[in-house]
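Numbering (our numbering), first residue to last: 315 to 492.
From the three backbone atoms N, C-alpha and C, an ideal C-beta is built for every residue, glycine too.
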């Protein structure tokens with residue numbers, strides 16, 4: 315079986331996602347992250363941004379993805395919240411599409427950004443979108459403890475705070491690279 319760019323992109327994206335989503339209270343290996351992503355069929359998306367849902371269907375599909383990831387994690391004796399599942403998915407798709415040169419594709423622009431404490435802290439400090447209270451509440455819950463509603467509240471408020479922009483652009487406020 316030849317080693318393709320699709321397999322290469324999948325392995326790198328799974329590694330990045332596994333490293334980023336494994337957190338205190340929910341530690342797991344990169345190998346388990348890769349298996350979860352594959353069993354949830356998310357690796358099938360990486361070949362083409364046209365395989366992603368349309369922007370208006372992204373939130374609905376993302377919830378289905380999170381639920382599948384949570385179910386696959388259970389099969390490996392892992393307990394994922396919607397926050398952990400979302401982080402795994404979002405980093406995986408970010409590495410594969412946003413950073414893979416498809417950042418201007420309409421389906422990619424609608425992809426959810428990864429949410430973590432560092433991003434939320436900056437959104438609080440900047441009073442991003444005039445929604446400081448929303449970001450504080452999310453930070454206080456902690457992304458690793460997000461249920462579906464907690465997670466969706468953050469995404470809706472990011473989207474409403476930056477109309478007509480790609481959601482990945484909120485990461486200009488993520489200073490984790492420092």
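Express the C-alpha separation of residue 411 and residue 363 in angstroms, rounding to a whole number. Here the question's residue 363 lines up with position 49 in the chain shown. Here the question's residue 411 lines up with position 97 in the chain shown. Cα-Cα distance, rounded: 7 Å.
With 16 other Cβ atoms within 10 Å as the buried cut-off, status of residue 430: Residue mapping note: residue 430 aligns to position 116 of the chain shown, counting from 1. Result: buried.
Look at residue 460 and residue 396 and say whether their C-beta atoms are less than 8 Å apart. Taking the chain shown and counting its residues from 1, the one referred to as residue 460 is at position 146. Taking the chain shown and counting its residues from 1, the one referred to as residue 396 is at position 82. Yes, the pair counts as a contact, with Cβ atoms nearer than the cut-off.
| said: Beta-carbon within less than 7 Å of residue 333's beta-carbon, same chain only, minus the 5 sequence neighbours each way: which residues are those? | reply: Your numbering for residue 333 matches position 19 in the chain shown. Hits under 7 Å: 344.
With a threshold of 6 Å on Cβ separation, who are the neighbours of residue 337 within its own chain once the five nearest residues in sequence on each side are excluded?
Within the chain shown, the letter at position 23 stands for residue 337. Hits under 6 Å: 458.
Given residue 414, which residues of its chain have a CB within under 6 Å of its CB, disregarding the five upstream and five downstream residues? Within the chain shown, the letter at position 100 stands for residue 414. Hits under 6 Å: none found.
* Asked: Going by beta carbon distance, what residues of the same chain come within less than 6 Å of residue 443, once the five residues before and after it are set aside?
  -> In the chain shown, the residue the question calls residue 443 occupies position 129. Taken in chain order, the residues that qualify are 475.
I need the straight-line Cα distance from residue 419 to residue 482, nearest angstrom please. As a working mapping, residue 419 is identified with position 105 in the chain shown. As a working mapping, residue 482 is identified with position 168 in the chain shown. Near 12 Å, if we compare the C-alpha coordinates of residue 482 and residue 419.
Next on the checklist: Suppose you measure from the CA of residue 423 to the CA of residue 406; what does that come to, to the nearest Å?
Outcome noted: Here residue 423 refers to the residue found at position 109 when the chain shown is read from its first residue. Here residue 406 refers to the residue found at position 92 when the chain shown is read from its first residue. Whole-angstrom Cα-Cα distance: 15 Å.
Item to complete: Check residue 361 in the structure and name its three-state DSSP category.
Response: As a working note, residue 361 is residue 47 in the chain shown. It is coil, neither helix nor strand.
query = Can we say the segment 385-392 touches the segment 434-451, given the rule of at least three CB pairs closer than 8 Å?
reply = no
| query | Rounded to the nearest angstrom, how far is the Cβ of residue 437 from that of residue 487, given a contact under 8 Å? | reply | As a first step, residue 437 must be located in the chain shown, where it is residue number 123. As a first step, residue 487 must be located in the chain shown, where it is residue number 173. Indeed they touch by this definition, with Cβ atoms about 6 Å apart.
- Item | Assigned exposure category for residue 368 - 16 Cβ within 10 Å defines buried | By 1-based counting over the chain shown, the position of residue 368 is 54. Result: exposed.
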